[in-house]
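For the sequence shown, position 312 matches number 430 in my numbering, and the numbering has no gaps at all.
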Amino acid sequence: MAAPGALPPRSLSAEPRRVPLAVGLAPPRQGAGARSSRSRQEIVCSRGRLISANLNSRSSPCPPCRCTQVAFADTKIAYEPDVDKHAGVLAYELVQGKLVQWNSFMDKSIPDPPTAILLHGILGSGKNWGSFAKRLAQEFPMWQFLLVDLRCHGDSASIKKRGPHTVASTAFDVLKLIGQLRLSPRVLVGHSFGGKVALSMVEQAAKPLPRPVRVWVLDATPGKVRAGLDGEDHPAELIEFLRRMPRQVNSKQEVVDALVKAKFSLDVAVWVATNLRRSSPVGLRSSSGFSWIFDLNGISEMYKSYEDTNLWGIVDDVPRGVHINFLKAERSLHRWALEDLQRIHTAEELAADEGGGVEMHLLEDAGHWVHADNPDGLFRILSSTFRVETSIRGVQD
Numbered sequence: 119m120a121a122p123g124a125l126p127p128r129s130l131s132a133e134p135r136r137v138p139l140a141v142g143l144a145p146p147r148q149g150a151g152a153r154s155s156r157s158r159q160e161i162v163c164s165r166g167r168l169i170s171a172n173l174n175s176r177s178s179p180c181p182p183c184r185c186t187q188v189a190f191a192d193t194k195i196a197y198e199p200d201v202d203k204h205a206g207v208l209a210y211e212l213v214q215g216k217l218v219q220w221n222s223f224m225d226k227s228i229p230d231p232p233t234a235i236l237l238h239g240i241l242g243s244g245k246n247w248g249s250f251a252k253r254l255a256q257e258f259p260m261w262q263f264l265l266v267d268l269r270c271h272g273d274s275a276s277i278k279k280r281g282p283h284t285v286a287s288t289a290f291d292v293l294k295l296i297g298q299l300r301l302s303p304r305v306l307v308g309h310s311f312g313g314k315v316a317l318s319m320v321e322q323a324a325k326p327l328p329r330p331v332r333v334w335v336l337d338a339t340p341g342k343v344r345a346g347l348d349g350e351d352h353p354a355e356l357i358e359f360l361r362r363m364p365r366q367v368n369s370k371q372e373v374v375d376a377l378v379k380a381k382f383s384l385d386v387a388v389w390v391a392t393n394l395r396r397s398s399p400v401g402l403r404s405s406s407g408f409s410w411i412f413d414l415n416g417i418s419e420m421y422k423s424y425e426d427t428n429l430w431g432i433v434d435d436v437p438r439g440v441h442i443n444f445l446k447a448e449r450s451l452h453r454w455a456l457e458d459l460q461r462i463h464t465a466e467e468l469a470a471d472e473g474g475g476v477e478m479h480l481l482e483d484a485g486h487w488v489h490a491d492n493p494d495g496l497f498r499i500l501s502s503t504f505r506v507e508t509s510i511r512g513v514q515d
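Okay, structure coming up:
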């Protein structure tokens with residue numbers, strides 16, 4: 119696809135199931151009860167989930183909402199609460215390293231641990247980052263990683279949002295979420311559409327983002343989205359095709375067959391079908407069909423905004439203390455124009471003089487699906503950021 123914003127199916131097989139999270143004024147992400155020093159707890163609340171890298175198995179009630187607080191031995195969900203109990207901003211997962219001893223109910227004077235936000239692209243969800251985030255949490259146990267379902271996507275699709283559905287409004291959602299969670303992220307990582315969202319967060323935010331903050335824009339440019347070659351899957355065409363399909367289908371295979379017949383690639387067809395969910399819980403015979411978990415009308419607006427939004431201004435004049443990294447996939451379906459590359463290299467020189475930073479990276483042996491095509495290479499490149507930020511925090515402390 120020319121500039122798609124999510125992962126192909128082979129990356130999804132290892133991902134954990136998601137539970138929707140509630141995000142209120144005091145998000146019920148973790149209860150206020152005692153925390154065992156011998157076990158890490160995974161909290162399952164309405165529209166919320168916290169995953170720890172080192173888990174045992176035990177459960178207790180979560181005081182704020184009386185849903186279940188569970189410590190798991192694996193990534194399977196033992197309990198899924200009523201998701202209609204709470205209003206929220208966005209659905210998310212929080213993956214914590216084993217040395218993190220923090221939750222949003224702690225005394226506000228206790229600083230939050232170093233946090234990175236991982237943002238997916240169009241037609242994706244936070245679970246696209248699941249396996250990669252767990253790997254980062256194991257390598258950097260002092261860090262935590264916030265995986266967000268952007269508006270109209272995944273479990274956030276059930277949280278009604280006012281339009282317009284744009285890159286800017288999507289970024290504002292994330293800023294509002296981190297404000298409610300009392301987080302000050304040090305690193306923002308966005309793939310494709312999520313990359314522009316990360317840039318828009320920097321453009322809009324002053325206080326919510328600390329300095330320094332490092333931004334990673336994965337296989338996306340700040341400006342014009344250039345269509346791929348003939349014969350490639352085009353996101354806008356895919357979205358419009360899906361909008362014309364029935365809201366409920368009999369099977370996932372029905373969707374795959376329809377997409378392949380319409381000349382979309384098999385990989386993309388299988389991946390799109392992962393966004394279908396049973397209309398009724400398994401075991402009930404009243405309905406055996408499937409329906410979409412995303413809001414296609416909203417996503418159509420979001421993709422048009424992705425094509426039209428120009429964020430070169432934040433790159434040409436990088437705020438002091440902000441370091442922006444662009445990563446180009448060697449086999450990217452996104453067409454990187456020579457003028458884009460030249461402008462980024464020019465920004466590298468200017469930013470260094472102004473106390474900011476811009477840097478260009480190349481991920482070899484990878485297409486647009488960078489965290490699926492070459493996860494080891496991406497891990498090596500991103501790891502440098504977490505090592506540097508960990509060192510800076512150590513000196514400050």
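Backbone N, C-alpha and C fix where the C-beta goes; we use that ideal spot for every residue, glycine too.
Asked, Found
"Closest to R530 by C-alpha separation, out of V207, A380 and E425, would be which residue?", "Examination of residue 530 is not possible in this model, given that the chain is present from 119 through 515 alone."
"Below 6 Å CB to CB, which residues in the same chain sit around H271 once its five sequence neighbours on both sides are set aside?", "S243 and F412"
"Output the boundary residues of the beta strand (DSSP E) element that contains G431.", "G431 -> not in any beta strand (DSSP E); alpha helix (DSSP H) instead, spanning W430 to D434."
"Need the endpoints of the beta strand (DSSP E) that V207 sits in, please.", "From DSSP, V207 is part of no beta strand (DSSP E); its letter is neither H nor E."
"Would you kindly report the start and end of the unbroken beta strand (DSSP E) that includes A234?", "T233 to L237"
"Under the assumption that S310 contacts D273 (Cβ atoms under 8 Å), give the Cβ distance between them as a whole number of angstroms.", "Actually they do not touch by this definition, with Cβ atoms about 20 Å apart."
"Mind listing, in chain order, the continuous beta strand (DSSP E) runs of no fewer than 3 residues lying wholly within the region 249-274?", "262-267"
"Rounded to whole angstroms, how far is the Cβ of A234 from the Cβ of V307, which I believe are closer than 8 Å?", "6 Å"
"Assuming T288 and M420 are in contact, meaning their beta carbons sit under 8 Å apart, how far apart are those beta carbons, in whole angstroms?", "7 Å"
"So T284 packs on S423, CB below 8 Å; how close in whole Å?", "4 Å"
"From the DSSP secondary-structure annotation, give me the bridge partner or partners of W410.", "L394"
"Please return the same chain residues whose Cβ sits closer than 6 Å to the Cβ of L360, not counting the five positions on each side in sequence.", "L414"
"Look at the Cβ atom of G485, then the Cβ atom of D491, and state whether they are nearer than 8 Å.", "yes"
"Quick one: Cα of V390 to Cα of T427, how far?", "25 Å"
"Quick check: the Cα distance between L377 and T392, rounded to an integer number of angstroms?", "13 Å"
"DSSP three-state call for V241: helix, strand or coil?", "One detail in the question is off: residue 241 reads as Leu in this sequence, not Val. Coil, per DSSP."
"Can you grab the Cα-Cα spacing for the pair N368 / F408, in whole Å?", "6 Å"
"Within the same chain, show all residues whose beta-carbon is closer than 6 Å to that of A323, passing over the 5 residues directly before and after it, in chain order.", "L293"
"Go to F444, then tell me how far its beta strand (DSSP E) extends in each direction, as first and last residue.", "V440 to A447"
"Using only alpha-carbon positions, find the residue among P303, P259 and R344 that is nearest to W334.", "P303"
"Excluding the five sequence neighbours on either side, which residues of its own chain have a C-beta within less than 6 Å of the C-beta of D458, listed in chain order?", "T339"
"For L217 and chain C, any beta-carbon pair shorter than 8 Å?", "Among the protein chains of the structure shown there is no chain C, as only one such chain exists."
"Rounded to a whole number of angstroms, what is the C-alpha to C-alpha distance between A209 and D267?", "5 Å"
"Quick check on L480: buried or exposed, where buried means 16 or more other Cβ atoms within 10 Å of its Cβ?", "exposed"
"Let's test the definition: count the other Cβ atoms within 10 Å of the Cβ of A465 and tell me whether it reaches 16, buried, or not, exposed.", "buried"
"Between which two residues does the alpha helix (DSSP H) holding H489 run?", "V488 to D491"
"So L317 and I432 are supposed to be a Cβ contact under 8 Å. How far apart are they, rounded?", "6 Å"
"Inspect the beta-carbon positions of V320 and P437 and report whether they are closer than 8 Å.", "yes"
"Can you tell me whether DSSP reads W389 as helix, strand or coil?", "helix"
"Please name the residue in E467, M478 and E482 whose C-alpha comes closest to that of E448.", "E482"
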